[in-house]
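Enquirer:
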Amino acid sequence: MESYAHRNLDICSKDCLCLFVCPTGAANNETGQIDANTCTGCGACMNACPAKAITLLPKIMPKAQKKDNHVINSLFKVAENKIEENKILNYLLEKDPNNKLFKALLHSNKVILEDLMREAGYMLPQSKNTHEFLNKLKEAKIKQAEILLEKLKVNE
Ligand code: SF4
Ligand code: SF4
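In this text, residue positions in the sequence shown follow the working numbering: the first is 286, and each later residue adds one.
1. DSSP three-state label for residue 290, please.
2. Once the 5 residues before and after residue 405 are set aside, which same chain residues still bring their CB inside 6 Å of it?
3. On a Cα-Cα basis, can you pick out the residue from 420, 439 and 302 that is closest to residue 430?
4. Taking residue 340 as part of the beta strand (DSSP E), name the residues at either end of that continuous run.
5. Could you say if the stretch 326–344 and the stretch 288–303 meet the contact criterion of at least three C-beta pairs nearer than 8 Å?
6. Is residue 377 close to chain B? Criterion is C-beta to C-beta, closer than 8 Å.
7. Taking Cβ positions, are residue 398 and residue 416 nearer each other than 8 Å?
8. Give me the Cα-Cα distance between residue 425 and residue 384, rounded to the nearest whole angstrom.
9. Report yes if the CB atom of residue 327 is closer than 8 Å to the CB atom of residue 308, and no otherwise.
10. Can you give me the Cβ contacts of residue 423 inside the same chain, cut-off strictly under 8 Å, excluding the 5 residues immediately before and after it?
11. Measure the C-alpha to C-alpha separation of residue 436 and residue 413 and round it to an integer number of angstroms.
12. Could you tell me if residue 445 is buried or exposed, where buried requires 16 or more neighbouring beta carbons within 10 angstroms of its beta carbon?
13. When the Cα atoms are used, what is the spatial distance from residue 440 to residue 411?
14. Quick check: the Cα distance between residue 304 and residue 286, rounded to an integer number of angstroms?
15. Looking only at its chain, what residues have a beta carbon closer than 8 Å to the beta carbon of residue 438, apart from the 5 residues adjacent to it on each side?
16. With a threshold of 7 Å (Cβ to nearest heavy atom), would residue 297 be considered close to ligand 2?
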């Protein structure tokens, strides 16, 4: 697979070893980033970098795979568990509103829930999946779903 080197400028310690080992000059670019067009993906810079700031990335990313239903169902099951956990955490927070651990767990569960939904194919608000889901919420008389449906047009 064809690849190119990417420099993480946040951890690059600017000792320039990559510039010395690069056979094509791709690592020496005015932007501070490696020139993907002249980089051959040989990896010499990555191996030389003492800060581990260089990673090889594929030039062409593989297409996203369609998820099997059993994977989606498993993601939903984990999400349901997180929702149940959140109900308990909300109850505990009513009793102890300043408890930092409960607050942190609640926040963490919300982030995990978002990731699970994204992984299950509900990433884009304008996707067909999301609209079907919002329509179910609308049928259950959830006003916010109705407002979102008006604002977000389907655009796969
Ligand atoms: S070798 Fe690594 S740390 Fe040094 S300049 Fe290159 S990327 Fe930055
Ligand atoms: S992978 Fe090779 S060609 Fe590309 S920047 Fe690093 S040393 Fe240069």
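For each residue, glycine too, the CB sits at the ideal point set by N, CA and C. None of the values given here were measured: they were computed from a predicted structure.
Expert: On the basis of the data shown:
1. Here the question's residue 290 lines up with position 5 in the sequence shown. Of the three classes helix, strand and coil, the one that applies to residue 290 here is strand, per DSSP.
2. The residue given as residue 405 occupies position 120 in the sequence shown. Same-chain partners within the cutoff: 357 and 360.
3. Within the sequence shown, residue 430 is the residue found at index 145, counting from 1. Nearest option by C-alpha distance: 420.
4. Position 55 of the sequence shown holds residue 340. Unbroken beta strand (DSSP E) run through residue 340: 339–343.
5. yes
6. The structure shown contains no chain B; it holds only a single protein chain.
7. Here residue 398 corresponds to residue number 113 of the sequence shown, with the count starting at 1. Here residue 416 corresponds to residue number 131 of the sequence shown, with the count starting at 1. No, the Cβ-Cβ distance between residue 398 and residue 416 is not below 8 Å.
8. Here residue 425 is taken as the residue at index 140 of the sequence shown, counted from 1. Here residue 384 is taken as the residue at index 99 of the sequence shown, counted from 1. Going by the C-alpha atoms only, they are around 33 Å apart.
9. In the sequence shown, counting from the first residue as 1, residue 327 sits at position 42. In the sequence shown, counting from the first residue as 1, residue 308 sits at position 23. Cβ atoms of residue 327 and residue 308: closer than 8 Å.
10. In the sequence shown, the residue the question calls residue 423 occupies position 138. 430, 431 and 434, listed in sequence order.
11. Mapped onto the sequence shown, residue 436 falls at position 151. Mapped onto the sequence shown, residue 413 falls at position 128. Taking the straight line joining both Cα atoms gives about 14 Å.
12. No information on residue 445 is available, as it lies outside the stretch 286 to 441 that the chain covers here.
13. To locate residue 440, count along the sequence shown from 1; it is residue 155. To locate residue 411, count along the sequence shown from 1; it is residue 126. Rounded to the nearest angstrom, the two C-alpha atoms are 5 Å apart.
14. The sequence position of residue 304 within the sequence shown is 19, counting from 1. The sequence position of residue 286 within the sequence shown is 1, counting from 1. Spanning the two alpha carbons is a distance of roughly 24 Å.
15. In the sequence shown, counting from the first residue as 1, residue 438 sits at position 153. These residues qualify, in order along the chain: 411.
16. Walking along the sequence shown from the start, residue 297 turns up at place 12. Flag unset: Cβ of residue 297 not near ligand 2.
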